[in-house]
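> Quick one: the structure is below, questions incoming.
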Amino acid sequence: MADGIPTWEEVAREHGRFLYNVAYRLAGNDDDAQDLVQEALIRVRRGLERYEPGSLEGWLARIVTNVFLDEARRRKRRPTDALPDDPGRVLPPAPAADAVPTGLSDEVQRALTGLPDDFRIPVVLCDVSDLSYEQIADATGVPIGTVRSRIHRGRRMLRASLLADGVMGP
Amino acid sequence: MSDLAPDVLSAYLDGELSEAERALVEARLSESAAWREELDEVRAARAAVRGLPVREAPDGFWDAVHSELAMAEVVPITAVAERRRRRPLVWLAAGVAAAAAIVAVIVIPQRSQVAPNVAAVIAQHGAHSAEAGDPVSLLAPVGPLAGFRR
């Protein structure tokens, strides 16, 4: 690390776990999370010269959120993806179903994934990434009042979904 | 206080309010069962997400990522990003194959235009079958006049 600017290898080593967790909670599955993280690290590497020492995890959360939004927009333009994955891809397969965490995690993740992007993103950035509202506003490019409203509405929707699934009691 | 929107309740839980705002929210909570109920709802949802375990990447993922990005030190980074989106190349290959198939269907049948030497057939047939009096044999003398090639 020179002048407080880490190398991408250091970012991957020291913040990769954080990055992957955020990507997984946004995407809702391992395959997409792997793509998000890999693309995010490519952007990290490209943008390291412009990184100003500060909240590195806030910066990473913004990058992975942007990758997630770009991917969501790309899928909207091309809703069906019939072709198989790149056969030359070297990434390992997602874990088998029995490796998925048990308990209520799956139900909560399913409810989270069911939220519209506009609500899921601020909820994940707040409750998974532990970013402040100001950092979330910066990461998503919306006013802080909108962040506050979306987090609250997102949590209410999440709670309603968990209630409907019988995960939470009334 | 009536202009206070309930979305301050999440901000209240997240410690995102000023002292003055907190005081307003707490006063409202003390007098409104609906607000207390809504606070309980968002608190439960917040706890559910915060209680999720950290999701670990599958084994081998980070080694693969390091290999991919290390390769980008040799290959321009944009090429690596594009390599992950090879699907357009698959479409291009499919398009070329389709075009080749169309050309094959249209061009190949036109290649072999048969031009039988009718005059020779008539002459040969006539030489061997004149005595039979069949209609083709009778045409043998007029074959050259009709412009049949030999």
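Residue numbers (our numbering), protein chains in the order written: chain A, 177 to 346; chain B, 20 to 169.
By construction, the Cβ of each residue, glycine as well, lies at the ideal position given by its N, Cα and C atoms.
Taking just the CA atoms, how far does residue 46 of chain B sit from residue 52 of chain B?
Between residue 52 of chain B and residue 46 of chain B, the C-alpha separation is close to 12 angstroms.
> Quick one: what's got a C-beta closer than 8 angstroms to residue 28 of chain B's C-beta in the same chain, skipping five residues either side?
Answer for residue 28 of chain B: 44, 54, 57, 58 and 61, listed in chain order.
> Should residue 205 of chain A go down as buried or exposed, given a rule of 16 or more other Cβ atoms within 10 Å for buried?
With fewer than 16 other Cβ atoms within 10 Å, it is exposed.
> When the Cα of residue 194 of chain A is compared with those of A/225, A/241 and A/344, which residue comes out closest?
Among A/225, A/241 and A/344, the Cα nearest to that of residue 194 of chain A belongs to A/241.
> If you draw a straight line from the alpha carbon of residue 317 of chain A to that of residue 214 of chain A, how long is it in whole angstroms?
Whole-angstrom Cα-Cα distance: 23 angstroms.
> Would the segment 309 to 316 of chain A count as touching the segment 287 to 301 of chain A if we require 3 or more Cβ pairs under 8 angstroms?
Yes: the two stretches touch, three or more of their Cβ pairs being nearer than 8 angstroms.
> Taking just the CA atoms, how far does residue 187 of chain A sit from residue 332 of chain A?
Residue 332 of chain A and residue 187 of chain A: Cα-Cα distance of roughly 34 angstroms.
> Does the beta carbon of residue 191 of chain A come closer than 8 angstroms to any beta carbon on chain B?
Residue 191 of chain A does not count as touching chain B.
> Check the Cβ of residue 44 of chain B against every Cβ in chain A and list those closer than 8 angstroms, keeping chain order.
Simply none; closest approach about 12 angstroms.
> Just reading off the alpha helix (DSSP H) that residue 209 of chain A is part of, what are its end residues?
Looking at the DSSP string, the run of the alpha helix (DSSP H) that includes residue 209 of chain A is 206 to 223.
> Residue 206 of chain A touches chain B at which residues, Cβ-Cβ below 7 angstroms?
Residues of chain B passing the Cβ test: 77.
> Just tell me which of A/343, A/305, A/310 and A/294 has its CA closest to the CA of residue 329 of chain A.
Nearest of A/343, A/305, A/310 and A/294 to residue 329 of chain A, Cα basis: A/294.
> Counting only the same chain and skipping the five closest in sequence on each side, list residues whose C-beta sits under 7 angstroms from that of residue 184 of chain A.
217, 220, 221 and 224.
> How should residue 192 of chain A be labelled, buried or exposed, when 16 other C-beta atoms within 10 angstroms of its C-beta is the threshold for buried?
Buried: at least 16 other Cβ atoms inside 10 Å.
> Using a Cβ-Cβ cut-off of 8 angstroms, state whether residue 33 of chain B counts as contacting chain A.
Yes, residue 33 of chain B lies at the interface with chain A (some Cβ there is under 8 angstroms from its Cβ).
> Within 8 angstroms (strictly less), CB to CB, does residue 304 of chain A reach chain B?
True, the Cβ-Cβ gap to chain B drops below 8 angstroms.
> Do you know how far the Cα of residue 337 of chain A is from the Cα of residue 63 of chain B?
Approximately 12 angstroms, taken between the alpha carbons.
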